[in-house]
Amino acid sequence: MLPATDLNSQGRAGRWPMRNGIEWFRGQLTLAQWSLDAAVSAQAELARSHLQRAQQIYRGLLQALPGSSLTREQRPEIDRALEEIRIRLQIGARET
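Numbering follows the working numbering, in which position 19 of the sequence shown is assigned residue number 20; successive positions increment by one, without gaps.
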């Protein structure tokens, strides 16, 4: 399990992954990938629900990128994962 961080009222690290940090992005990407994986084996209505969840997570990640605390070295990893999710979302939309 990843160490959790969060900003408390004084702006210091606490317990949950800091929003827009690398671990937060990795966690959100994992959730989107799990939703896409679940959509593959689900029946139509449930598959659409999983695809919608993955789409919401994907959009949230895109919106979070400009204000993220990702370093130049971390960004390519996230960009590649986002591209993979975008492609899987397109394929899923065609198949449902």
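Every residue gets a Cβ at the ideal spot worked out from N, C-alpha and C, and that includes glycine.
When DSSP labels each residue in this structure, what does residue i get in the three-state scheme?
i            : result
serine 69    : coil
glutamine 53 : helix
glutamine 75 : coil
arginine 20  : coil
arginine 89  : helix
alanine 43   : coil
Are there 16 or more other CB atoms within 10 angstroms of the CB of residue i, so buried, or fewer, so exposed?
i             : result
isoleucine 88 : exposed
alanine 94    : exposed
For residue i, which residues from the same chain have a beta carbon less than 6 Å from its beta carbon, with the 5 sequence-adjacent residues on both sides left out?
i                : result
phenylalanine 26 : Ile79
How many Å lie between residue i and residue j at the Cα?
i            : j             : result
tyrosine 59  : leucine 66    : 11 Å
alanine 82   : glutamine 44  : 26 Å
glycine 61   : isoleucine 92 : 20 Å
glutamate 96 : valine 41     : 10 Å
arginine 54  : glutamate 84  : 17 Å
Is the beta carbon of residue j closer than 8 Å to that of residue i?
i             : j             : result
glutamine 34  : leucine 90    : no
serine 69     : histidine 51  : no
isoleucine 23 : glutamine 64  : no
leucine 30    : isoleucine 86 : yes
Leaving out five residues before and five after residue i in sequence, what residues of the same chain have Cβ atoms less than 7 Å from its Cβ?
i          : result
alanine 39 : His51
leucine 32 : Ile58
CB-CB under 8 Å to residue i, same chain, minus the five flanking residues each way: which ones, in chain order?
i             : result
asparagine 21 : Ala65, Gly68, Ser69, Ser70 and Leu71
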